[in-house]
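See below for the structure under consideration.
In the working numbering, the protein residues as written are 1243 to 1531.
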């Protein structure tokens, strides 16, 4: 009987082995080189210790050859640069979730090959994000074939953003090689995907979405614990945040061009219960400072 709960992981130490798992045309040698350089530069800059490769792109022949392929890849013990183990994941059916924080440290970089089949791609990404757990801000590189439409890529990337995975970029072979461009998210002032030119030496390929939040309102649970943080309302009705923690929050919002919108809890309930409800329900971006 076919097992519908399948999760396979492989630990290797060679970025070349990662490229050997990615199924694109053999003519895309230049694309492979660019991908390798992007991974290497990003992993070095972010001090990445673990690479994750996730894919559902397998044919029946690939399934037959998996054991042989795994044995080959596992034999590639030397590394082009100093990185920790790489986790190779294939998803088949509904895969059980196990947060990676229990197995690896938090310096992760994920390379995800998608199939342009929404159901399987959605399932693959949900599994990856569930396993990343609280580490969804780690870098994610999505690989699409040239046949993927901009609308499909936008749908996938916006799904990632809705799941709090905003450090995500997307590559397509022809666009990467011929146009020297790639897809990335724009979070502020509106959520959409945009095409960018590949940066010089691929440095900073993941944009800093928080450098300018375009006046985005950070919803913060109001808290009064002098002298750490407190707020008061002026005669003009303006709420002022003060205290040494409060001023830190105020400085953060000022530097990132954001604003603060206070959410006040109702009396009569447990504070912990109310804070949990506000954050889980999306009514507040943070708990009380």
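In this text, a Cβ means the ideal position worked out from N, Cα and C, and glycines have one as well.
Just so we're clear, the structure is a prediction, and the values are computed from it rather than from any experiment.
Cβ atoms of residue 1425 and residue 1383: under 7 Å apart, would you say?
no
Using the C-alpha atoms, what's the distance from residue 1293 back to residue 1477?
55 Å
Whether residue 1419 touches residue 1274 by CB criterion (7 Å):
no
Closer than 7 Å by C-beta to residue 1533: which residues in its own chain qualify, once you throw out the five before and the five after it? Chain order, please.
It is not possible to answer for residue 1533, since the shown part of the chain is limited to 1243 through 1531.
Can you tell me whether residue 1402 is buried or exposed? The criterion is at least 16 other CB atoms within 10 Å of its CB, across all chains shown.
buried
Would you say residue 1418 lies against chain C (beta-carbon separation less than 7 Å)?
The structure shown contains no chain C; it holds only a single protein chain.
Residues bridged to residue 1501 (per DSSP)
1459
According to DSSP, residue 1473 sits in a beta bridge with which residue or residues?
1483
Exposed or buried, which one is residue 1431 when buried takes at least 16 other CB atoms within 10 Å?
exposed
Alpha carbons only, please: which of 1470, 1295, 1503, 1474 is nearest the one belonging to residue 1490?
1470
Residue 1386 and residue 1533 - do their beta-carbons sit closer together than 7 Å?
Absent from the structure is residue 1533, since the part of the chain shown begins at 1243 and ends at 1531.
What span of residues does the beta strand (DSSP E) with residue 1297 cover, start to end?
1292-1297
Can the beta-carbon of residue 1389 be found closer than 7 Å to that of residue 1349?
no
To the nearest angstrom, how far is it from the Cα of residue 1442 to the Cα of residue 1280?
11 Å
What does DSSP give as the partner residues of residue 1425 in its beta bridges?
1412, 1437
Give me, in chain order, the residues of the same chain whose beta-carbon lies closer than 6 Å to that of residue 1500; leave out the 5 immediate sequence neighbours on both sides.
1455, 1458, 1460
To the nearest whole angstrom, what separates the beta carbons of residue 1445 and residue 1283, a pair I think is in contact under 8 Å?
6 Å
So residue 1398 and residue 1448 are supposed to be a Cβ contact under 8 Å. How far apart are they, rounded?
At roughly 17 Å, the Cβ-Cβ gap does not stay under 8 Å, so residue 1398 and residue 1448 are not in contact.
Closest to residue 1462 by C-alpha separation, out of 1375, 1409, 1503, would be which residue?
1503
Taking Cβ positions, are residue 1356 and residue 1363 nearer each other than 7 Å?
yes
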